[in-house]
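A.B. asks: For the record, the sequence lines run as chains A and B. Under the numbering used here, read the first sequence as residues 1 to 326, first letter to last. Under the numbering used here, read the second sequence as residues 1 to 326, first letter to last. All C-beta atoms in this analysis are idealised placements derived from N, C-alpha and C, irrespective of residue type, glycine included. Quick one: the structure is below, questions incoming.
There are 2 protein chains.
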Amino acid sequence: MKLATLRDGSRDGILVVVDSNNDVYATVEGIAPTMQDALDRWDDVEPKLRQLGEELDSGERDGTPVDVDELSAPLPRAYEWIDGSAYINHIVLVRKARGAEPPETLETDPLVYQGGSGDLKGPTADIEVPDTEWGCDFEAELAVVLGDTPRGTTADEAGDYVRLVVALNDVTFRNLIPDELEKSFGFFQSKPATSFAPFAVTPDELGDAWRDGRLHRPLRSIYNGEVFGEPEAGPEMHFSFFDLIEHCCKTRSFTAGTILGSGTISNEDRSRGSSCLAEQRMIEKIDTGEFETPFMSPGDTIQIEMEDADGHNIFGTIEQTVVDVE
Amino acid sequence: MKLATLRDGSRDGILVVVDSNNDVYATVEGIAPTMQDALDRWDDVEPKLRQLGEELDSGERDGTPVDVDELSAPLPRAYEWIDGSAYINHIVLVRKARGAEPPETLETDPLVYQGGSGDLKGPTADIEVPDTEWGCDFEAELAVVLGDTPRGTTADEAGDYVRLVVALNDVTFRNLIPDELEKSFGFFQSKPATSFAPFAVTPDELGDAWRDGRLHRPLRSIYNGEVFGEPEAGPEMHFSFFDLIEHCCKTRSFTAGTILGSGTISNEDRSRGSSCLAEQRMIEKIDTGEFETPFMSPGDTIQIEMEDADGHNIFGTIEQTVVDVE
Numbered sequence: 001m002k003l004a005t006l007r008d009g010s011r012d013g014i015l016v017v018v019d020s021n022n023d024v025y026a027t028v029e030g031i032a033p034t035m036q037d038a039l040d041r042w043d044d045v046e047p048k049l050r051q052l053g054e055e056l057d058s059g060e061r062d063g064t065p066v067d068v069d070e071l072s073a074p075l076p077r078a079y080e081w082i083d084g085s086a087y088i089n090h091i092v093l094v095r096k097a098r099g100a101e102p103p104e105t106l107e108t109d110p111l112v113y114q115g116g117s118g119d120l121k122g123p124t125a126d127i128e129v130p131d132t133e134w135g136c137d138f139e140a141e142l143a144v145v146l147g148d149t150p151r152g153t154t155a156d157e158a159g160d161y162v163r164l165v166v167a168l169n170d171v172t173f174r175n176l177i178p179d180e181l182e183k184s185f186g187f188f189q190s191k192p193a194t195s196f197a198p199f200a201v202t203p204d205e206l207g208d209a210w211r212d213g214r215l216h217r218p219l220r221s222i223y224n225g226e227v228f229g230e231p232e233a234g235p236e237m238h239f240s241f242f243d244l245i246e247h248c249c250k251t252r253s254f255t256a257g258t259i260l261g262s263g264t265i266s267n268e269d270r271s272r273g274s275s276c277l278a279e280q281r282m283i284e285k286i287d288t289g290e291f292e293t294p295f296m297s298p299g300d301t302i303q304i305e306m307e308d309a310d311g312h313n314i315f316g317t318i319e320q321t322v323v324d325v326e
Numbered sequence: 001m002k003l004a005t006l007r008d009g010s011r012d013g014i015l016v017v018v019d020s021n022n023d024v025y026a027t028v029e030g031i032a033p034t035m036q037d038a039l040d041r042w043d044d045v046e047p048k049l050r051q052l053g054e055e056l057d058s059g060e061r062d063g064t065p066v067d068v069d070e071l072s073a074p075l076p077r078a079y080e081w082i083d084g085s086a087y088i089n090h091i092v093l094v095r096k097a098r099g100a101e102p103p104e105t106l107e108t109d110p111l112v113y114q115g116g117s118g119d120l121k122g123p124t125a126d127i128e129v130p131d132t133e134w135g136c137d138f139e140a141e142l143a144v145v146l147g148d149t150p151r152g153t154t155a156d157e158a159g160d161y162v163r164l165v166v167a168l169n170d171v172t173f174r175n176l177i178p179d180e181l182e183k184s185f186g187f188f189q190s191k192p193a194t195s196f197a198p199f200a201v202t203p204d205e206l207g208d209a210w211r212d213g214r215l216h217r218p219l220r221s222i223y224n225g226e227v228f229g230e231p232e233a234g235p236e237m238h239f240s241f242f243d244l245i246e247h248c249c250k251t252r253s254f255t256a257g258t259i260l261g262s263g264t265i266s267n268e269d270r271s272r273g274s275s276c277l278a279e280q281r282m283i284e285k286i287d288t289g290e291f292e293t294p295f296m297s298p299g300d301t302i303q304i305e306m307e308d309a310d311g312h313n314i315f316g317t318i319e320q321t322v323v324d325v326e
């Protein structure tokens, strides 16, 4: 099942069900007004939404053509947005890029940070850059949306709490990071609003590609019209989503609609490219002694998407342009 | 005006208006079902809620007696919970306690971290401690609840976006902090759910005590029945709430209902006591070479409250007991 949120001028938009090909949607009057409401009452509403999706797929029900510009983030505001950093190759490269060492517990203790969740951007939102000196970068990632998840949930149990899988662009101001991490309280100004692909999908929609708490498909980043990276999201995700859930649940519970990210998808094989500029820049620095690729400037574009084994776009495409703002 | 949230078994509870003496409340049918809804539509609903409050205060309207056990946090789940650390004395002492140096930019660049906002506890919720070795501590703080606050908001403009002022206990597992901050991604496991005093008040309710983005009253912490600290919240708040808002708004906008905390209230004058155990422990270590006061164990109690100049309890009292859980 695929779900999306249609803009209607309200804060939370309107929940819609989308067919498997991303062609048409159906509104869900009487089932759940918003994505958050559906997540709040998932056990009750999920079978009804799924039925609608099946009717769209079979042609039994006519849908309305999807226009991605009319869609917001699946959750335009969420109660928590937690981002992991589960790809070891990314951590090692990005830390090198800022002259920092990887943490000693790199392979045993997951890195997660709490992100801002009150203002989540849709798939075609402009990336607003008040100052290009801040070093704007994209980060192509996956995330899971959780149901109510109790403190103490283990990795073995974690799969029961994964409601939806989404793709996102964790926009980052790289040059604001060193001073913030120096203070040790984590990212804040360096992380402006995060943008999401339009379609949130249930794990079963992913078939065999969803296994062991990982999504085993490549995530493609197209930067200024050219493929910049297409790393496999599965094998090098050192901590699975289930591991990350266990880590997060050590001392806290999470409410329905909590979004938990993978961190930037990254492979050791350089031929797969990168899911952010910072990695590419570090590779250039290692190879040539110089950073060559600049960070993003007004007019630069980024597309992020993932296809299933049959070439169908799973989450729809994030398509953003950097714009100058005061 | 004072607002609170009555438990009714739902996720967000029911918004109520409370009289100035915290004696009685009125439900607000037809105005706004929940605190979040009121914040979402503040300009429209605020005058109507205020009228109800005035009717309660004048005796024109009969209210229902307040039972704090029936109240949840003003916002049982919020879209963001951001905590500053604006009291220099606290930063210096707590860093000393874990053998860390204060950041070089201590007095010029505010410390803030993004906290978990999906599960906020009410004033009488038990503090659940799965492992006393984690070093459970209370932290008595104030916070403001924001309206929609745009990116780029300056300290001069910030007052326009402060809707409510609240008091809270930012429960912390001290012994989980060093490893987390070593990883530089900020607090996560070390910060279990935060607890809030029952009444959220509009700034005008605070009279002259609310000025310059600071609340000029002492915040009292009573630990196991004895006053543990009563530091003044105003003069030593190095960065005001307005300064913190400007800092947070550098690269992001904030949605209505975002909660922004002061950090642990702390005074240089030791006779004012402390708003957390960690400070007291550090003072002991400096004076005697030993940490004497243990962290919290099952059965320990903490009360947090603030009185106005006439001795009236402003926010109601946080009254929590530590309990053992698996």
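Just to make sure I have the definition right: I need the residues of chain A whose C-beta is within less than 7 Å of the C-beta of B/V112. Which are they?
C.D. replies: As a position in the second sequence, residue 112 of chain B is number 112, starting the count at 1. The answer, in chain order, is F185, F188.
A.B. asks: In chain order, what residues of the same chain have a beta carbon less than 6 Å from the beta carbon of A/V144, not counting five sequence neighbours either side?
C.D. replies: Start at 1 with the first residue of the first sequence, and residue 144 of chain A comes out as number 144. Correct list, in chain order: V162, V165, F241, L260.
A.B. asks: Any contact of the stretch 210-221 of chain A with the stretch 291-301 of chain A, i.e. 3+ C-beta pairs under 8 Å?
C.D. replies: No, because fewer than three Cβ pairs between the stretch 210-221 of chain A and the stretch 291-301 of chain A fall closer than 8 Å, the two stretches do not touch.
A.B. asks: Since B/E226 sits in a beta bridge, which residues does DSSP pair it with?
C.D. replies: Here the question's residue 226 of chain B lines up with position 226 in the second sequence. In DSSP, B/E226 forms a bridge with B/Y223.
A.B. asks: Based on the DSSP output, what are the partners of A/R214 in its beta bridges?
C.D. replies: In the first sequence, the residue the question calls residue 214 of chain A occupies position 214. Answer is A/R211.
A.B. asks: Could you tell me which of A/D23, A/E54, A/E46, A/A100 sits nearest to A/P65, measuring between CA atoms?
C.D. replies: Translated into positions along the first sequence, residue 65 of chain A becomes position 65. Out of A/D23, A/E54, A/E46, A/A100, A/D23 has the C-alpha closest to the C-alpha of A/P65.
A.B. asks: Using DSSP with H/G/I as helix, E/B as strand and the rest coil, what is A/S195?
C.D. replies: Within the first sequence, the letter at position 195 stands for residue 195 of chain A. A/S195: strand per DSSP, three-state reduction.
A.B. asks: Quick one: grab the DSSP three-state call for A/P123.
C.D. replies: Working through the first sequence from its first residue, we reach residue 123 of chain A at position 123. Coil, per DSSP.
A.B. asks: Please tell me whether B/T154 has its Cβ less than 8 Å away from any Cβ of chain A.
C.D. replies: Within the second sequence, numbered from 1, the residue matching residue 154 of chain B stands at position 154. No, no contact with chain A.
A.B. asks: Give me the chain D residues within the contact set of A/E46, using Cβ-Cβ distance strictly less than 9 Å, ordered along the chain.
C.D. replies: As a matter of chain content, chain D is missing from the structure shown, whose protein chains are A and B.
A.B. asks: Quick one, which residues of the stretch 98-130 of chain A are near chain B if we go by CB-CB under 9 Å, in chain order?
C.D. replies: So the close ones are A100, P103, E104, T105, D109, L111, V112, Y113, Q114, G115, G116, S117, G118, D119, E128, P130.
A.B. asks: For the stretch 233-252 of chain A, enumerate the residues whose C-beta is nearer than 8 Å to any C-beta of chain B, in chain order.
C.D. replies: Cβ contacts with chain B come from H247, C248, K250, T251, R252.
A.B. asks: Could you check whether B/G59 and B/I82 sit closer than 8 Å to each other, using their CB atoms as the reference points?
C.D. replies: Residue 82 of chain B sits at position 82 when you count from the first residue of the second sequence. Residue 59 of chain B sits at position 59 when you count from the first residue of the second sequence. The answer is no: Cβ separation not under 8 Å.
A.B. asks: So, B/Y87 versus B/H216, is the Cβ gap smaller than 8 Å?
C.D. replies: Position 87 of the second sequence, counting from 1, holds the residue named residue 87 of chain B. Position 216 of the second sequence, counting from 1, holds the residue named residue 216 of chain B. Result no, Cβ atoms of B/Y87 and B/H216 do not sit closer than 8 Å.
A.B. asks: If you follow the beta strand (DSSP E) that A/E319 is in, where does it begin and where does it stop?
C.D. replies: Counted from its first residue, the first sequence places residue 319 of chain A at position 319. It spans 318-324 - the beta strand (DSSP E) in which A/E319 sits, taken as one unbroken run.
A.B. asks: So, under 8 Å CB-CB, B/I265 and B/A97 are touching, yes? Tell me the CB distance rounded to an integer number of Å.
C.D. replies: For this step, residue 265 of chain B is matched to residue 265 along the second sequence. For this step, residue 97 of chain B is matched to residue 97 along the second sequence. With a Cβ gap of about 17 Å, B/I265 and B/A97 do not count as contacting.
A.B. asks: Could you tell me if B/P192 is buried or exposed, where buried requires 16 or more neighbouring beta carbons within 10 angstroms of its beta carbon?
C.D. replies: For the purposes of this step, residue 192 of chain B is taken as the residue at position 192 of the second sequence. Buried, since its Cβ has 16 or more Cβ neighbours within 10 Å.
A.B. asks: When the Cα of A/S72 is compared with those of A/S117, A/V28, A/R7, which residue comes out closest?
C.D. replies: Residue mapping note: residue 72 of chain A aligns to position 72 of the first sequence, counting from 1. The residue with the shortest Cα to Cα distance from A/S72 is A/R7.
A.B. asks: Start and end of the beta strand (DSSP E) containing A/E307?
C.D. replies: Residue mapping note: residue 307 of chain A aligns to position 307 of the first sequence, counting from 1. No beta strand (DSSP E) contains A/E307, which DSSP labels as neither H nor E.
A.B. asks: Report yes if the CB atom of A/E246 is closer than 8 Å to the CB atom of A/T321, and no otherwise.
C.D. replies: As a working mapping, residue 246 of chain A is identified with position 246 in the first sequence. As a working mapping, residue 321 of chain A is identified with position 321 in the first sequence. Not in contact: A/E246 and A/T321 (Cβ atoms no closer than 8 Å).
A.B. asks: Beta carbon of A/A167, beta carbon of A/F315: below 8 Å?
C.D. replies: Taking the first sequence and counting its residues from 1, one reaches residue 167 of chain A at position 167. Taking the first sequence and counting its residues from 1, one reaches residue 315 of chain A at position 315. Yes, these two residues count as a Cβ contact at 8 Å.
A.B. asks: Any idea what DSSP makes of A/V24, helix, strand or coil?
C.D. replies: Here residue 24 of chain A corresponds to residue number 24 of the first sequence, with the count starting at 1. A/V24: strand per DSSP, three-state reduction.
A.B. asks: Taking B/D12 as the reference, give the member of B/P198, B/Q36, B/M1, B/S20 with the closest Cα.
C.D. replies: Counting from 1 along the second sequence, the entry for residue 12 of chain B is found at position 12. Per the Cα distances, B/Q36.
A.B. asks: Compare the C-beta of A/R392 against all C-beta atoms of chain B and say whether one is closer than 8 Å.
C.D. replies: The shown model of chain A, from 1 to 326, leaves out residue 392 of chain A, and the question about it has no answer.
A.B. asks: With DSSP collapsed to three states, give me the class of A/C248.
C.D. replies: For this step, residue 248 of chain A is matched to residue 248 along the first sequence. In the structure shown, A/C248 sits in a helix (DSSP, three-state: H, G or I).
A.B. asks: Does the stretch 116-126 of chain A come close enough to the stretch 229-236 of chain A that 3 or more CB-CB pairs lie under 8 Å?
C.D. replies: Because the criterion of three Cβ pairs below 8 Å is not met, the stretch 229-236 of chain A and the stretch 116-126 of chain A do not touch.
A.B. asks: Please say whether A/L75 and A/V17 have beta carbons closer to each other than 8 Å?
C.D. replies: Within the first sequence, the letter at position 17 stands for residue 17 of chain A. Within the first sequence, the letter at position 75 stands for residue 75 of chain A. No, Cβ-Cβ distance for A/V17 and A/L75 is not below 8 Å.
A.B. asks: Suppose you measure from the CA of A/L330 to the CA of A/S262; what does that come to, to the nearest Å?
C.D. replies: This structure cannot speak to residue 330 of chain A, because chain A is shown only from 1 to 326.
A.B. asks: Step through the CB atoms of chain B and report whether any lies within less than 8 Å of the CB of A/D19.
C.D. replies: Position 19 of the first sequence, counted from the start, is the residue given in the question as residue 19 of chain A. Not one chain B Cβ lies under 8 Å of A/D19.
A.B. asks: For A/A100 and B/R95, I'd like the C-alpha separation in whole angstroms.
C.D. replies: For the purposes of this step, residue 100 of chain A is taken as residue 100 along the first sequence, with counting starting at 1. For the purposes of this step, residue 95 of chain B is taken as residue 95 along the second sequence, with counting starting at 1. Going from the Cα of A/A100 to the Cα of B/R95 covers about 22 Å.
A.B. asks: My assumption, with CB atoms under 8 Å, is that B/S190 sits in contact with B/N169. Please give the rounded CB distance.
C.D. replies: Position 190 of the second sequence holds residue 190 of chain B. Position 169 of the second sequence holds residue 169 of chain B. B/S190 to B/N169, Cβ: 15 Å. No contact.
A.B. asks: Is there a C-beta anywhere in chain A that falls below 8 Å from the one on B/G77?
C.D. replies: Counted from its first residue, the second sequence places residue 77 of chain B at position 77. Before going on, a small fix: residue 77 of chain B reads as Arg here, not Gly. Chain A, which has a Cβ nearer than 8 Å to the Cβ of B/R77, makes this yes.
A.B. asks: Thinking just about the alpha-carbon of each residue, which of A/V171, A/R41, A/G63 is nearest to the one in A/N21?
C.D. replies: The sequence position of residue 21 of chain A within the first sequence is 21, counting from 1. Among A/V171, A/R41, A/G63, the Cα nearest to that of A/N21 belongs to A/G63.
A.B. asks: Contact criterion: CB-CB distance below 8 Å. Does A/F254 meet it with respect to chain B?
C.D. replies: Within the first sequence, numbered from 1, the residue matching residue 254 of chain A stands at position 254. Chain B, which has a Cβ nearer than 8 Å to the Cβ of A/F254, makes this yes.
A.B. asks: Against chain A, which members of the stretch 190-204 of chain B pass a CB distance test of less than 9 Å?
C.D. replies: Cβ contacts with chain A come from S190, K191, P192, A193.
A.B. asks: If you follow the alpha helix (DSSP H) that B/L168 is part of, which residue opens it and which one closes it?
C.D. replies: Taking the first residue of the second sequence as 1, we reach residue 168 of chain B at position 168. No alpha helix (DSSP H) holds B/L168; the beta strand (DSSP E) holding it covers 162-169.
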